[in-house]
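Take a look at the structure below.
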Amino acid sequence: MKKITSALAIVMLLCIACTKQDSQPLKTSNDLSVQNTNSFLASHFIGERFGGGVIFMLNKSKIHGLISDTIDLGLTGYNDVSNIITGASATAIGTGFANTRTIKAVQGNTDQYAALLCLESTRGGFTDWFLPSKDELNGLFLHRKIVGGFVRSAYWSSSETYGQGYGTAWSQDFIRGTQDPYSSKQGWYYVRAIRAF
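Throughout the sequence shown, residue numbering follows mature numbering (1 follows the signal peptide of the UniProt record, and there is no 0), covering -20 to -1, 1 to 177 in sequence.
This is the structure we're talking about:
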(Lines of atoms letter the chains of each structure in order from A and count residues from 1; the text may use other names and numbers.)
(Lines give C-alpha, C1' and ligand atoms only; values in the text may rest on other atoms or scores of the structure.)
Protein backbone atom coordinates (compact mmCIF):
# COMPACT_ATOMS: atom_id res chain seq x y z
CA MET A 1 0.00 0.00 0.00
CA LYS A 2 2.89 2.32 0.80
CA LYS A 3 4.37 1.75 -2.71
CA ILE A 4 1.03 2.53 -4.39
CA THR A 5 0.63 5.73 -2.36
CA SER A 6 4.19 6.80 -3.22
CA ALA A 7 3.68 6.04 -6.92
CA LEU A 8 0.40 7.94 -6.96
CA ALA A 9 2.05 10.95 -5.29
CA ILE A 10 4.84 10.96 -7.91
CA VAL A 11 2.34 10.79 -10.79
CA MET A 12 0.32 13.66 -9.31
CA LEU A 13 3.48 15.73 -8.82
CA LEU A 14 4.51 15.15 -12.45
CA CYS A 15 1.04 16.14 -13.67
CA ILE A 16 1.18 19.38 -11.71
CA ALA A 17 4.75 20.13 -12.85
CA CYS A 18 3.86 19.56 -16.52
CA THR A 19 0.81 21.84 -16.51
CA LYS A 20 1.43 24.91 -18.69
CA GLN A 21 0.61 28.22 -17.04
CA ASP A 22 1.90 30.52 -19.79
CA SER A 23 0.03 29.18 -22.83
CA GLN A 24 -1.03 32.32 -24.66
CA PRO A 25 -2.03 32.82 -28.28
CA LEU A 26 0.13 34.64 -30.79
CA LYS A 27 0.17 38.37 -30.05
CA THR A 28 0.86 41.36 -32.24
CA SER A 29 4.20 42.02 -30.62
CA ASN A 30 7.66 40.57 -30.84
CA ASP A 31 6.91 37.78 -28.35
CA LEU A 32 8.10 35.10 -30.79
CA SER A 33 11.56 33.68 -30.35
CA VAL A 34 13.84 30.96 -31.60
CA GLN A 35 14.50 29.41 -28.21
CA ASN A 36 12.77 29.42 -24.86
CA THR A 37 14.80 28.08 -21.97
CA ASN A 38 11.93 28.60 -19.48
CA SER A 39 9.65 25.93 -20.98
CA PHE A 40 9.61 22.57 -19.24
CA LEU A 41 7.85 20.74 -22.06
CA ALA A 42 8.11 22.07 -25.62
CA SER A 43 5.17 21.35 -27.90
CA HIS A 44 6.80 22.50 -31.15
CA PHE A 45 10.20 23.56 -32.44
CA ILE A 46 11.69 25.80 -35.12
CA GLY A 47 12.19 23.75 -38.28
CA GLU A 48 9.42 21.27 -37.46
CA ARG A 49 7.36 20.15 -40.46
CA PHE A 50 3.85 20.94 -39.28
CA GLY A 51 0.57 22.36 -40.55
CA GLY A 52 1.40 22.26 -44.24
CA GLY A 53 4.88 23.75 -44.01
CA VAL A 54 7.80 24.47 -41.68
CA ILE A 55 7.59 26.30 -38.33
CA PHE A 56 9.83 29.37 -38.39
CA MET A 57 8.60 31.30 -35.31
CA LEU A 58 7.17 30.30 -31.94
CA ASN A 59 5.75 32.25 -29.03
CA LYS A 60 7.21 31.76 -25.56
CA SER A 61 4.95 28.81 -24.75
CA LYS A 62 6.03 27.04 -27.98
CA ILE A 63 2.37 26.21 -28.57
CA HIS A 64 1.55 28.96 -31.11
CA GLY A 65 3.59 30.37 -33.93
CA LEU A 66 4.03 30.85 -37.65
CA ILE A 67 4.46 28.32 -40.45
CA SER A 68 6.04 28.99 -43.84
CA ASP A 69 5.01 27.24 -47.03
CA THR A 70 7.89 25.19 -48.45
CA ILE A 71 7.74 26.79 -51.91
CA ASP A 72 7.21 30.25 -53.38
CA LEU A 73 3.80 30.97 -54.88
CA GLY A 74 5.27 32.96 -57.72
CA LEU A 75 6.67 36.25 -58.87
CA THR A 76 4.15 39.11 -59.01
CA GLY A 77 3.34 42.69 -58.06
CA TYR A 78 2.02 43.90 -54.71
CA ASN A 79 -1.07 45.40 -56.36
CA ASP A 80 -3.08 44.43 -59.36
CA VAL A 81 -2.61 46.82 -62.30
CA SER A 82 -3.75 49.83 -60.26
CA ASN A 83 -1.69 51.58 -57.60
CA ILE A 84 -4.36 51.75 -54.91
CA ILE A 85 -3.43 52.64 -51.33
CA THR A 86 -4.98 49.84 -49.24
CA GLY A 87 -4.20 50.97 -45.69
CA ALA A 88 -2.54 47.64 -44.82
CA SER A 89 0.35 49.33 -43.03
CA ALA A 90 0.89 47.20 -39.88
CA THR A 91 4.42 45.81 -39.63
CA ALA A 92 4.52 43.82 -36.36
CA ILE A 93 4.54 40.06 -35.93
CA GLY A 94 0.95 38.86 -35.86
CA THR A 95 -0.40 41.50 -38.29
CA GLY A 96 0.19 39.87 -41.67
CA PHE A 97 -3.18 38.10 -41.74
CA ALA A 98 -5.12 41.33 -41.12
CA ASN A 99 -2.99 43.19 -43.70
CA THR A 100 -3.66 40.50 -46.29
CA ARG A 101 -7.42 40.62 -45.69
CA THR A 102 -7.36 44.43 -45.92
CA ILE A 103 -5.52 44.31 -49.25
CA LYS A 104 -8.07 41.89 -50.70
CA ALA A 105 -11.01 43.93 -49.37
CA VAL A 106 -9.72 46.98 -51.27
CA GLN A 107 -8.45 45.26 -54.43
CA GLY A 108 -10.97 42.43 -54.81
CA ASN A 109 -10.46 39.28 -56.86
CA THR A 110 -9.37 40.88 -60.10
CA ASP A 111 -5.99 40.16 -61.65
CA GLN A 112 -3.08 38.54 -59.83
CA TYR A 113 -1.26 40.13 -56.90
CA ALA A 114 0.80 38.97 -53.91
CA ALA A 115 -1.88 38.94 -51.18
CA LEU A 116 -4.44 37.20 -53.41
CA LEU A 117 -1.96 34.45 -54.31
CA CYS A 118 -1.58 33.71 -50.60
CA LEU A 119 -5.30 33.86 -49.79
CA GLU A 120 -6.17 31.52 -52.66
CA SER A 121 -3.48 28.96 -51.77
CA THR A 122 -4.62 25.52 -50.62
CA ARG A 123 -1.13 24.12 -50.15
CA GLY A 124 -0.88 21.34 -47.60
CA GLY A 125 -4.69 21.20 -47.45
CA PHE A 126 -4.92 24.56 -45.63
CA THR A 127 -6.84 27.66 -46.74
CA ASP A 128 -5.65 30.23 -44.19
CA TRP A 129 -2.38 31.29 -45.83
CA PHE A 130 -1.45 34.98 -45.88
CA LEU A 131 1.27 37.38 -46.99
CA PRO A 132 3.69 38.05 -44.10
CA SER A 133 4.01 41.48 -42.52
CA LYS A 134 7.39 43.26 -42.63
CA ASP A 135 8.53 41.75 -39.30
CA GLU A 136 7.15 38.28 -40.12
CA LEU A 137 9.05 38.39 -43.43
CA ASN A 138 12.23 39.27 -41.55
CA GLY A 139 11.65 36.20 -39.36
CA LEU A 140 11.46 34.13 -42.54
CA PHE A 141 14.74 35.63 -43.72
CA LEU A 142 16.43 34.83 -40.39
CA HIS A 143 15.31 31.19 -40.68
CA ARG A 144 15.60 30.85 -44.46
CA LYS A 145 18.11 28.00 -44.26
CA ILE A 146 15.86 26.03 -41.91
CA VAL A 147 12.71 26.60 -44.00
CA GLY A 148 14.46 26.26 -47.37
CA GLY A 149 13.42 26.82 -50.96
CA PHE A 150 14.03 30.57 -51.14
CA VAL A 151 15.33 32.31 -54.25
CA ARG A 152 18.21 34.75 -53.84
CA SER A 153 15.99 37.72 -54.65
CA ALA A 154 13.45 40.10 -53.07
CA TYR A 155 10.16 39.04 -51.43
CA TRP A 156 6.98 41.03 -50.77
CA SER A 157 5.60 41.75 -47.32
CA SER A 158 1.97 42.75 -46.75
CA SER A 159 3.06 45.99 -45.05
CA GLU A 160 2.28 49.07 -47.11
CA THR A 161 4.17 52.38 -46.83
CA TYR A 162 3.38 55.81 -48.17
CA GLY A 163 6.43 57.23 -49.83
CA GLN A 164 7.07 59.36 -52.87
CA GLY A 165 3.46 60.62 -53.04
CA TYR A 166 1.87 57.23 -53.70
CA GLY A 167 1.64 53.82 -52.07
CA THR A 168 4.73 51.71 -51.77
CA ALA A 169 5.33 48.58 -49.72
CA TRP A 170 8.03 46.85 -47.70
CA SER A 171 10.05 44.15 -49.44
CA GLN A 172 13.07 42.21 -48.23
CA ASP A 173 16.18 41.16 -50.13
CA PHE A 174 16.87 37.48 -49.37
CA ILE A 175 20.54 37.84 -50.27
CA ARG A 176 21.67 40.56 -47.83
CA GLY A 177 18.58 40.74 -45.63
CA THR A 178 17.96 44.44 -46.20
CA GLN A 179 14.38 45.68 -46.06
CA ASP A 180 13.17 48.37 -48.48
CA PRO A 181 10.20 50.54 -47.43
CA TYR A 182 9.87 52.17 -50.86
CA SER A 183 9.40 49.21 -53.20
CA SER A 184 7.14 50.18 -56.07
CA LYS A 185 3.95 48.10 -55.94
CA GLN A 186 4.29 47.65 -59.70
CA GLY A 187 7.60 45.81 -59.20
CA TRP A 188 7.64 42.03 -59.38
CA TYR A 189 9.00 40.21 -56.33
CA TYR A 190 8.63 36.69 -54.99
CA VAL A 191 5.75 35.65 -52.74
CA ARG A 192 6.02 33.18 -49.84
CA ALA A 193 2.81 32.42 -47.95
CA ILE A 194 2.69 31.81 -44.21
CA ARG A 195 -0.01 30.75 -41.75
CA ALA A 196 -0.50 30.98 -37.98
CA PHE A 197 -1.30 28.18 -35.53
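Don't be surprised by glycine CBs; every beta carbon is placed ideally from N, CA and C.
Pairwise C-alpha distance: residue j and residue i
| i | j | result |
| --- | --- | --- |
| residue 115 | residue 47 | 14 Å |
| residue 177 | residue 130 | 22 Å |
| residue 28 | residue 167 | 33 Å |
| residue 72 | residue 113 | 7 Å |
| residue 161 | residue 140 | 8 Å |
| residue 65 | residue 147 | 5 Å |
| residue 178 | residue 122 | Residue 178 is absent from the structure shown; the chain starts at -20 and stops at 177. |
| residue 158 | residue 49 | 22 Å |
| residue 132 | residue 39 | 28 Å |
| residue 175 | residue 91 | 23 Å |
| residue 85 | residue 56 | 19 Å |
| residue 23 | residue 43 | 6 Å |
| residue 103 | residue 41 | 27 Å |
| residue 25 | residue 89 | 36 Å |
Which of helix, strand or coil DSSP assigns to residue i
| i | result |
| --- | --- |
| residue 124 | helix |
| residue 159 | strand |
| residue 131 | coil |
| residue 30 | strand |
| residue 140 | strand |
| residue 51 | coil |
| residue 166 | coil |
| residue 42 | coil |
| residue 108 | coil |
| residue 88 | coil |
| residue 77 | helix |
Contact check, residue i vs residue j, beta carbons under 8 Å
| i | j | result |
| --- | --- | --- |
| residue 94 | residue 142 | no |
| residue 31 | residue 106 | yes |
| residue 170 | residue 52 | yes |
| residue 111 | residue 80 | yes |
| residue 101 | residue 149 | no |
Residue from the options whose Cα sits closest to the Cα of residue i
| i | options | result |
| --- | --- | --- |
| residue 152 | 136, 162 and 140 | 136 |
| residue 60 | 76, 97 and 77 | 97 |
| residue 108 | 76, 156 and 120 | 76 |
| residue 128 | 33, 24 and 23 | 33 |
| residue 63 | 103, 36 and 87 | 87 |
| residue 82 | 103, 67 and 99 | 67 |
Local Cβ density within 10 Å of residue i, reported as buried at 16 or more and exposed below that
| i | result |
| --- | --- |
| residue 164 | buried |
| residue 125 | exposed |
| residue 69 | buried |
| residue 178 | Look at the range of the chain in this structure, -20 to 177, and you will see that residue 178 is not part of it. |
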